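Just add 150 to the spot in the first sequence (first one is 1) and you have our numbering.
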Amino acid sequence: MDLNSLNAPQRDAVMRTEGPVLILAGAGSGKTRVLTTRIGYLIDEKKVLPANILAITFTNKAANEMRERVEETVESSTKDMWINTFHSCCVKILRRDINKIGYNRSFVIYDATDQATLVKDCMKELDISDKLFDVKGVISQISSAKDKLISPRRFKEQYRSDVRMDKVADIYTLYQDRLKRNSALDFDDLIVKTIELFRKNEDVLKYYRNKFRYIMVDEYQDTSHAQYEFVRLLACEHQNICVVGDDDQSIYGWRGADIKNILEFEKDYENVHIVKLEQNYRSTQVILDAANHIISNNTERKSKKLWSDKEGGKLVKICQLDNEIDEGDFVCSKIDELVRKEKRSLNDFAVLYRANAQARAIEDALNRAMISYNIYGGTKFYERKEIKDLIAYLRVIVNPQDDISVKRIINVPARGIGLKTIEKMEDRASLKQESIYSVLLDAEDNSDLSTRAKAKVNGFIDIMSILRSSAEVYSVSELIDYTMKLTGYLKDLEDNRDKNEKLSNGKYDEYQDRIDNLKELISIALEFENSEEIEGEKNLQTFLENVALSSDADGEESESRVSLMTMHTSKGLEFPVVFIVGMEENLFPISRAVKSMSDTAIEEERRLCYVAITRAEEELFITNVRNRTLYGKRNVAIQSRFIEELPENSIETIGVVDEGLSYSRATYNVLDKYTKKYKKSMNMDFLSKNVKATKIEGNKEGSDLTLKDSVKAGSKIYHSKFGKGTVVARNGNDLTVAFANKGIKRLNIEYTVFEVLSI
DNA sequence: TCGGCACAAATTTTT
DNA sequence: TTTGTGCCGA
151 MDLNSLNAPQ RDAVMRTEGP VLILAGAGSG KTRVLTTRIG YLIDEKKVLP
201 ANILAITFTN KAANEMRERV EETVESSTKD MWINTFHSCC VKILRRDINK
251 IGYNRSFVIY DATDQATLVK DCMKELDISD KLFDVKGVIS QISSAKDKLI
301 SPRRFKEQYR SDVRMDKVAD IYTLYQDRLK RNSALDFDDL IVKTIELFRK
351 NEDVLKYYRN KFRYIMVDEY QDTSHAQYEF VRLLACEHQN ICVVGDDDQS
401 IYGWRGADIK NILEFEKDYE NVHIVKLEQN YRSTQVILDA ANHIISNNTE
451 RKSKKLWSDK EGGKLVKICQ LDNEIDEGDF VCSKIDELVR KEKRSLNDFA
501 VLYRANAQAR AIEDALNRAM ISYNIYGGTK FYERKEIKDL IAYLRVIVNP
551 QDDISVKRII NVPARGIGLK TIEKMEDRAS LKQESIYSVL LDAEDNSDLS
601 TRAKAKVNGF IDIMSILRSS AEVYSVSELI DYTMKLTGYL KDLEDNRDKN
651 EKLSNGKYDE YQDRIDNLKE LISIALEFEN SEEIEGEKNL QTFLENVALS
701 SDADGEESES RVSLMTMHTS KGLEFPVVFI VGMEENLFPI SRAVKSMSDT
751 AIEEERRLCY VAITRAEEEL FITNVRNRTL YGKRNVAIQS RFIEELPENS
801 IETIGVVDEG LSYSRATYNV LDKYTKKYKK SMNMDFLSKN VKATKIEGNK
851 EGSDLTLKDS VKAGSKIYHS KFGKGTVVAR NGNDLTVAFA NKGIKRLNIE
901 YTVFEVLSI
């Protein structure tokens, strides 16, 4: 085990294996390395069995990465070691023993959408208008109660005098009841029920306490009270608990993360050994100065100061633009410039913003500039309607008690079972204290239903019965394929697609898109079946569990692209060049935080700013605009206070002097029209550099795109960042182009050329 | 039962 | 501006 490459505090953190340890790990201080080395040290040097180690992270990505890196360090197999997210760890525990607290072991996991549906149902049942009670608000109150381990009963007692909260308490109570009846747990329950299991079953707790002799928790600043309690229950006896976190990077307070957990770790455990990792291996000193300076405006924090041995560095550049369109163009021109002058690859860049809505303007600009990009976030694969529908079928196959899923699919595709029928079945179900599915099963004896309705219901039940028996012999992928076909779901989409085609209304067929997504689901299932990393049996239930607990279905990113994401999403990542856009009051810090007038809210925004800044390794650009159109409304914007909080000697204000902004109005409009109109109708993203498709089908103007390979001296460039021009010479990807009003310019075909013939 | 239309809401989201 | 939701008429 080589510990020499570690710095002194890092080594200390690795070798201090006994007793409670708090590692305050600043951004970029190598905490993952410390954690993985520590695990390796435990196994190789301290001869701790992998089975006695528990490492908890927040994301699957982090968990996978950690396991991979531990595997690189240690000889022995890491199979027996638990490296999990909080949630998957709890699922593993619950699958074994949840029956001890009265739940069905084949429970399903409800995601946020299912949760919302169920809450709405509960409100309806209690005759609580969703006009008076904001559903979102109710959900967050329930969720926050669960995070704090407040049971429905205690919640009710606590708010006895508050009429409004009393209603919420009723919803909470009914909601929990329904979850149980559906054999379902929501994300919060996974933690809460595990704690309940531990508290009510000493032997179970004892078993895990004894098993997990060494516990490590990553991103400790993001733990909720419930997660804190889960860890405490396991660790309080042997006290070999090592938590890693950075209070300055706590940006999920609104999701129940309790910053007190890290600030008060010393009070919760005795003789805590504290290690501060302050040496940053990621960024230049200039960038760190900026970050340190910003964060020093916060009061509630453990003092720490990042430093780097990478002295100096380029100054942080601040640029003010007129509006978000210019802002996007600015970003593009800088990217273009750095790609050309400094031979940067597109992978080197990230554009970070506060709200997803900002992405559009950036995207449009990148499209116009023909720079390929990846957007992170947005609608997730598993949240797409068609995927959720298919998953709902699978869930009902596993667990027919799941009313929410039954209701989702009973009339999808349309089979003539309307709202009235469903309502009747629901009423009957709640009267008989049974699941909807079981009521459907004996529709024949149901006098509420017309003959017609009975027939329809029986049709559905027949399909489901066939599927349920098929599940016993089919693999997951086969079952998905079969479900798509048997239920007519696929045919429904195909019919719609064909109908659309006939109308040829120019719209890209979203139906084909959905069909593709379903095919993607099948290949995910195939991957699952062939994967060696999946824990447990490879049955349908395990598959659903994997689906429920993972958000990122996207895989390979071979091509070099600029990354676009929110600042929240960027946590844990790093990029040589970072753009932080939209640095304006009421956007960042976000208006709610400004209006709330609470320091807590602003401080969290500031931490977010700290996170964003520390993503940058070498260069950082910060932009703000004077006029921002957001949600279709134009607003005059004021520069963010965070800009004023930057240290003067680390920054430099720059004006726009870049040629890249000089699109002619006409070019601009055409490009914009093109990108919007045809992007989707091509079989590939034609703006990405691997342009394969050259013809635009159904193009009313009758124009063609030309393969980049065919561009040579004499070719006409109809659209580029400089407008129209003629190619004078070509040398590989470098073009020399003559422009009517700009003279001779150099363009790189990979990024800047967009040739359109006969427009 | 379904499509169309008016109306409202729109931070951030690891699981 | 975009997206979702609820209500109404065919």
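Just so you know, even glycine gets a beta-carbon here, dropped at the ideal spot from N, CA and C. Since this is a predicted model, take the numbers as computed values, not measurements.
Cβ-based neighbour list, residue i, same chain, cut-off 7 Å, excluding 5 preceding and 5 following
| i | result |
| --- | --- |
| Arg183 | none |
| Asp472 | Val775, Arg776, Asn777 |
| Pro159 | Val425, Lys426, Leu427 |
| Ala675 | Val626, Ser627, Ile630, Phe693 |
| Glu536 | Arg664, Asn667, Leu668 |
| Gln377 | Phe236, Ile341 |
| Ser597 | none |
| Ile572 | Lys557, Ile560 |
| Lys455 | Glu428, Asn442 |
| Asn157 | Gln429 |
| Leu192 | Thr167, Val198, Ile203, Tyr364 |
Terminal residues of the beta strand (DSSP E) in which residue i lies
| i | result |
| --- | --- |
| Phe499 | 499-503 |
| Asn506 | Note, Asn506: premise wrong, no beta strand (DSSP E); not H, not E. |
| Gln389 | Where Gln389 is concerned, there is no enclosing beta strand (DSSP E), given that its DSSP letter is neither H nor E. |
| Phe725 | 725-730 |
| Thr716 | 712-716 |
| Leu471 | 466-473 |
Neighbourhood of residue i by C-beta distance below 6 Å, restricted to the same chain and skipping five residues each side
| i | result |
| --- | --- |
| Ser701 | Lys530 |
| Phe348 | Leu355, Leu383 |
| Pro170 | Gln389, Ile391, Tyr419, Val422 |
| Ser155 | none |
| Lys464 | Glu769 |
Residue i - containing alpha helix (DSSP H), residue span
| i | result |
| --- | --- |
| Met440 | Strictly speaking, residue 440 in this sequence is Ala, with Met absent from that position. That run of the alpha helix (DSSP H) goes 435-445. |
| Asp336 | Element bounds for Asp336: not the alpha helix (DSSP H) but the beta strand (DSSP E), 334-336. |
| Met273 | 262-275 |
| Ser666 | Position check: residue 666 holds Asp in this sequence, whereas Ser was assumed. Counting along the chain, the alpha helix (DSSP H) containing Asp666 begins and ends at 660-680. |
| Ala357 | Ala is not the amino acid found at residue 357; the sequence shown has Tyr there. Segment 352-361, the alpha helix (DSSP H) holding Tyr357. |
| Gln160 | 158-165 |
| Thr764 | Element bounds for Thr764: n/a, residue is neither H nor E. |
| Lys410 | 410-413 |
| Lys745 | 741-746 |
| Asp372 | No alpha helix (DSSP H) contains Asp372, which DSSP labels as neither H nor E. |
| Ile793 | 791-794 |
Nearest to residue i (by Cα), restricted to the options the options
| i | options | result |
| --- | --- | --- |
| Ile541 | Ile259, Leu329, Leu758 | Ile259 |
| Arg255 | Leu244, Val556, Asn332 | Leu244 |
| Ser179 | Lys343, Phe337, Ile684, Ala163 | Ala163 |
| Gly403 | Leu780, His718, Lys745 | His718 |
| Leu714 | Asp408, Gln470, Cys482 | Cys482 |
| Gln691 | Asp749, Thr764, Val288, Ile547 | Ile547 |
| Gly462 | Tyr325, Glu768, Lys557 | Glu768 |
| Val394 | Ile409, Trp457, Asp645 | Ile409 |
| Ile102 | Lys570, Tyr358, Tyr587 | This structure does not reach residue 102, given that the chain is present from 151 up to 909, and the question cannot be answered. |
| Gln429 | Ile740, Arg880, Asp749, Gly176 | Gly176 |
| Asn210 | Lys641, Asn646, Val697 | Val697 |
| Ser741 | Ala762, Pro797, Ala787 | Ala787 |
| Lys233 | Glu225, Ser458, Arg219 | It is worth fixing the name first, because residue 233 is Ile in this sequence and not Lys. When only C-alpha atoms are compared, the closest one is Arg219. |
| Arg545 | Leu413, Leu569, Leu335 | Leu335 |
| Ile189 | Thr373, Arg363, Leu737 | Arg363 |
| Thr167 | Val489, Asn646, Ile365, Lys250 | Ile365 |
| Val489 | Glu533, Ser238, Ser710, Ile801 | Ser710 |
| Glu221 | Lys361, Cys239, Asp194 | Asp194 |
Residues near residue i by beta carbon distance below 8 Å, same chain, minus five either side
| i | result |
| --- | --- |
| Phe610 | Ile560, Arg565, Ile567, Leu590 |
| Val285 | Ala266, Val269, Lys270, Met273 |
| Ile793 | Ile468, Met733, Ile772, Asn774 |
| Ile804 | Lys467, Ile468, Cys469 |
| Glu379 | Leu299, Ile345 |
| Ile475 | Ala511, Asp514, Ala515 |
Which residue spans inside the region 192-254 form an unbroken alpha helix (DSSP H) run of at least 4?
210-223, 236-247
Report the start-end ranges of each alpha helix (DSSP H) in the region 513-552 that is 4 residues or longer and not cut off at the edges.
535-548
Using a Cβ distance threshold of 8 Å, determine whether the region 775-783 contacts the region 725-745, with at least three qualifying pairs required.
yes
Validate contact between the region 426-443 and the region 195-213 using beta carbons, cut 8 Å, 3 pairs:
no
Taking contact to mean 3 or more Cβ pairs, one atom from each stretch, closer than 8 Å, check whether the region 215-233 and the region 288-296 are in contact.
no
Does the pairing of the region 739-754 with the region 446-457 give three or more beta-carbon distances under 8 Å?
yes
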